[in-house]
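K.L.:
The structure that follows is given in the form of structure tokens.
Chains as they are written, first to last, in the working numbering: chain A, 411 to 660; chain B, 9 to 343.
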């Protein structure tokens, strides 16, 4: 417990030193929803189901994008720590490797939860997105597990790749593939078959679909359950792979 | 043979009783070349065995690439050994890494600091990892900042400080906790001589209070002044071991001769030819020679040199650690 609270306190102190960090952490998905979501809604009049606006549809996308973004940024902090030398010193502190990763992810889950609460509240009040209170437990679980899953996934690469520029290239590719070959921005049914298959194999689609079901009730319950279980496996596999990568830091 | 005490397996051991702070047996570390890279595997540590008594300062010396840092990284649970055993206070570094980490504090070779946190927060954050928080720890941080001359910079971030000050921040952590073992990997890098001296004094006090220090250094005078016990390694293997006096015996009659003349001597090369010179240096009118010769041969050379120029000052000493180090590692390279 000491190790976890120490890591959470450390991450909190580092974030608190920079107002830009705090602003970006908390309001970035909201900004995306307001600018991109409202823009598409207004200019293209996009609607998937009768009565569902693009803002409502896209809310799940921005919440998943936030999990994805936080994970990517936090993983990049391994490079910062490595450059500062503190990374290797921290590996000699009284904590296990899993505690190190869990501490980081717990802090980020906290940030993602606050971020989601702000985004949802303002989406409902400013954009009139109708929300289902019954879906909040599922939404919380999806944001929590989603943030953890993506962090472990990115950490795996951040720990294996030693060069900052190489990692940045990888994350750029990941952003392109994971975000656009998914149900984040558009429904999958009208897509060409190859793209649709790729999107269904994409863990971000699984997370987006669960969040969309939790927020506006869109989707088939059985399919959502399967996607949720698949994402749990993805998270567990990423966690163990990240632990192995951390243990191999020599 | 290092025997497993009853601490093997679960539940975790409370505290194995070990008279030795550190026990290393047949330790080896091989860094495998990547499949796509050229060259062969690197054997950084090769069948190394030693132990460190509690409450002493132990120096691990060797030329660049000797395996000092790798050995230290194994002992601090950063690197896994390829074979052999290493225990810190009786805890196996592989199987009980967390138990080891709770009992050590490490100053790694690279500069390490939380650049975005203030100097004070660096210390408080570190202490929190060791379960220390609250007013007592803040008071202790203030004291540590004071003894390391960091008080005026306590509120600044290390990213705004010079390399030497960042090193102080790193070293300050040693005094924030009471872990029984301190590992220092070239701790004095970037320190000015005055600070270095006061840090050495502080380290001696820590040892007097029962802590054990394991250090690596390239600055041999530092080891000479600090270490109770010294291990010299080269290419991962032990070259020599003992306190300074024991090591001096190993090098068989190495003398350090300093001669100051009225004018710079010439033809020194011709004069020293035929003598076994460990190292030689001319600065202004002073000639410094380390010789591995009998007393009579040393005096013979001194007489020959004194005949060339008027001798203003003569000093003959036994070997310094530097001479011993050069003699031993050269011998190892030749063999």
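Beta carbons: idealized from backbone N, C-alpha and C, even for Gly.
Could you please tell me which residues of the stretch 132-147 of chain B, in chain order, have their CB closer than 7 Å to any CB of chain A?
P.N.:
133, 136, 137, 138 and 139
K.L.:
Give me the Cα-Cα distance between residue 526/A and residue 556/A, rounded to the nearest whole angstrom.
P.N.:
Translated into the one-based positions of the first chain, residue 526/A becomes position 116. Translated into the one-based positions of the first chain, residue 556/A becomes position 146. Cα-Cα distance, rounded: 12 Å.
K.L.:
For residue 223/B, which three-state DSSP category applies?
P.N.:
As a working note, residue 223/B is residue 215 in the second chain. Residue state, collapsed to three classes: strand.
K.L.:
Within the 9 Å Cβ cut-off, does residue 118/B reach chain A?
P.N.:
Counting from 1 along the second chain, the entry for residue 118/B is found at position 110. Interface residue, yes.
K.L.:
Can you list, in chain order, the residues of the stretch 551-576 of chain A whose Cβ is nearer than 9 Å to any Cβ on chain D?
P.N.:
Considering every chain present, this structure includes no chain D. Its protein chains are A and B.
K.L.:
Report the option in 496/A, 445/A and 514/A whose CA atom is closest to the CA atom of residue 482/A.
P.N.:
The residue given as residue 482/A occupies position 72 in the first chain. The residue from 496/A, 445/A and 514/A with its alpha-carbon nearest to that of residue 482/A is 514/A.
K.L.:
With 9 Å set as the bound, which would you pick, yes or no: does the beta-carbon of residue 124/B sit closer than that to a beta-carbon of chain A?
P.N.:
Taking the first residue of the second chain as position 1, residue 124/B is located at position 116. Interface residue, yes.
K.L.:
Could you tell me the boundaries of the alpha helix (DSSP H) in which residue 421/A lies?
P.N.:
Reading the first chain from its first residue, position 11 is the one you call residue 421/A. 412-426 is the span of the alpha helix (DSSP H), which, as asked, contains residue 421/A.
K.L.:
So what's residue 39/B in DSSP terms, helix, strand or just coil?
P.N.:
Translated into positions along the second chain, residue 39/B becomes position 31. Looking at residue 39/B - three-state DSSP - the assignment turns out to be strand.
K.L.:
Going by DSSP in three states, residue 120/B sits in which element: helix, strand or coil?
P.N.:
Here the question's residue 120/B lines up with position 112 in the second chain. In this structure, residue 120/B counts as coil in the three-state DSSP scheme.
K.L.:
Output needed in chain order: residues of the stretch 421-434 of chain A with a Cβ under 8 Å from some Cβ in chain B.
P.N.:
423, 424, 427 and 428
K.L.:
What separation, rounded to the nearest whole angstrom, lies between the Cα atoms of residue 15/B and residue 99/B?
P.N.:
Mapped onto the second chain, residue 15/B falls at position 7. Mapped onto the second chain, residue 99/B falls at position 91. The predicted model places residue 15/B with a pLDDT of 41, which falls under 50 and marks its position as unreliable; any figure quoted below should be read in that light. About 8 Å.
K.L.:
Within 10 angstroms of the Cβ of residue 507/A, are there 16 or more other Cβ atoms? Answer buried if so, exposed if not.
P.N.:
Locating residue 507/A in the first chain gives position 97, counting from the first residue. Flag for residue 507/A reads buried.
K.L.:
Let me confirm a value: residue 17/B is counted as buried when at least 16 other C-beta atoms fall within 10 Å, else exposed. Which label applies?
P.N.:
Here residue 17/B is taken as the residue at index 9 of the second chain, counted from 1. Note that residue 17/B scores 40 on pLDDT, short of 50, meaning its location in the model is unreliable and no value can be drawn from it.
K.L.:
Note down the Cα distance separating residue 484/A from residue 294/B, rounded to an integer number of angstroms.
P.N.:
Taking the first chain and counting its residues from 1, one reaches residue 484/A at position 74. Taking the second chain and counting its residues from 1, one reaches residue 294/B at position 286. Cα to Cα, residue 484/A sits roughly 59 Å from residue 294/B.
K.L.:
Which chain B residues are close to residue 543/A, counting only those with a beta carbon under 9 Å from its beta carbon?
P.N.:
Taking the first chain and counting its residues from 1, one reaches residue 543/A at position 133. In chain order: nothing, as chain B lies at least about 38 Å away.
K.L.:
Cβ atoms of residue 620/A and residue 552/A: under 9 Å apart, would you say?
P.N.:
Mapped onto the first chain, residue 552/A falls at position 142. Mapped onto the first chain, residue 620/A falls at position 210. Going by C-beta atoms, residue 552/A is nearer than 9 Å to residue 620/A.
K.L.:
Which runs of the alpha helix (DSSP H) fall wholly inside the stretch 104-149 of chain B and span at least 4 residues, in chain order?
P.N.:
105-109 and 127-137
K.L.:
Any idea what DSSP makes of residue 272/B, helix, strand or coil?
P.N.:
Taking the first residue of the second chain as 1, we reach residue 272/B at position 264. DSSP places residue 272/B in coil when its eight states are reduced to three.
K.L.:
Using a C-beta to C-beta distance shorter than 8 Å, which residues of chain A count as neighbours of residue 109/B?
P.N.:
As a position in the second chain, residue 109/B is number 101, starting the count at 1. Per Cβ cutoff of 8 Å: 502, 503, 504 and 505.
K.L.:
Per DSSP, which one or two residues make a beta bridge with residue 245/B?
P.N.:
Counted from its first residue, the second chain places residue 245/B at position 237. In the DSSP output, where bridge partners are listed per residue, residue 245/B has 242/B.
K.L.:
What does the alpha-carbon distance come out to for the pair residue 212/B and residue 106/B?
P.N.:
Within the second chain, numbered from 1, the residue matching residue 212/B stands at position 204. Within the second chain, numbered from 1, the residue matching residue 106/B stands at position 98. Distance between the alpha carbons of residue 212/B and residue 106/B: 27 Å.
K.L.:
Does residue 10/B come out as helix, strand or coil in the three-state DSSP assignment?
P.N.:
On the second chain, residue 10/B is found 2 positions in, with the first residue counted as 1. Below a pLDDT of 50, predicted positions are generally treated as unreliable, and residue 10/B, at 41, falls in that range; no measurement from the model is reported.
K.L.:
For a cutoff of 9 Å on Cβ pairs, would you count residue 191/B as touching chain A?
P.N.:
For the purposes of this step, residue 191/B is taken as the residue at position 183 of the second chain. At least one chain A Cβ lies under 9 Å of residue 191/B.
K.L.:
Is it buried or exposed, residue 652/A, if we count other Cβ atoms within 10 angstroms and call 16 or more buried?
P.N.:
Residue numbering aside, residue 652/A sits at position 242 when the first chain is read from its first letter. By the 10 Å Cβ count, residue 652/A comes out buried.
K.L.:
Chain B partners of residue 498/A, CB-CB under 8 Å?
P.N.:
Position 88 of the first chain holds residue 498/A. Those within 8 Å of residue 498/A in chain B are 86, 116, 118 and 120.
K.L.:
Can you confirm whether residue 129/B, when its beta carbon is compared against all beta carbons of chain A, has any partner nearer than 9 Å?
P.N.:
Working through the second chain from its first residue, we reach residue 129/B at position 121. Yes, its Cβ sits closer than 9 Å to a Cβ of chain A.
K.L.:
Would you please verify whether the beta carbon of residue 579/A is less than 9 Å from any beta carbon of chain B?
P.N.:
Translated into the one-based positions of the first chain, residue 579/A becomes position 169. Output row for residue 579/A: interface = no.
K.L.:
On a CA-only basis, which of 330/B, 32/B and 136/B is nearest residue 263/B? Give me that one, please.
P.N.:
Reading the second chain from its first residue, position 255 is the one you call residue 263/B. Closest by alpha carbon: 330/B.
K.L.:
Which residues mark the beginning and the end of the beta strand (DSSP E) in which residue 285/B is found?
P.N.:
Mapped onto the second chain, residue 285/B falls at position 277. Residue 285/B -> beta strand (DSSP E) spans 285-291.
K.L.:
With a threshold of 9 Å between beta-carbons, can residue 514/A be considered close to chain B, or not?
P.N.:
As a first step, residue 514/A is located in the first chain; it is residue number 104 there, counting from the start. Not one chain B Cβ lies under 9 Å of residue 514/A.
K.L.:
Does the distance from the CB of residue 475/A to the CB of residue 589/A come in under 9 Å?
P.N.:
For this step, residue 475/A is matched to residue 65 along the first chain. For this step, residue 589/A is matched to residue 179 along the first chain. Closer than 9 Å, so yes.
K.L.:
What residues in the stretch 477-497 of chain A have a beta carbon less than 9 Å from any beta carbon of chain B?
P.N.:
490, 491, 493, 494, 495, 496 and 497
K.L.:
Please report the Cβ distance between residue 512/A and residue 565/A, rounded to the nearest whole angstrom; I am assuming they are in contact, meaning their Cβ atoms lie under 8 Å.
P.N.:
Position 102 of the first chain, counted from the first residue, corresponds to residue 512/A. Position 155 of the first chain, counted from the first residue, corresponds to residue 565/A. Wrong, their Cβ atoms sit about 11 Å apart, outside the cutoff.
K.L.:
Are the CB atoms of residue 32/B and residue 59/B nearer to each other than 9 Å?
P.N.:
Sequence index remark: in the second chain, residue 32/B carries index 24 (1-based). Sequence index remark: in the second chain, residue 59/B carries index 51 (1-based). Contact: yes.
K.L.:
Using the Cβ count rule (16 or more neighbours within 10 Å means buried), how would you classify residue 587/A?
P.N.:
Here residue 587/A corresponds to residue number 177 of the first chain, with the count starting at 1. Counting of Cβ neighbours within 10 angstroms places residue 587/A among the exposed residues, the total staying below 16.
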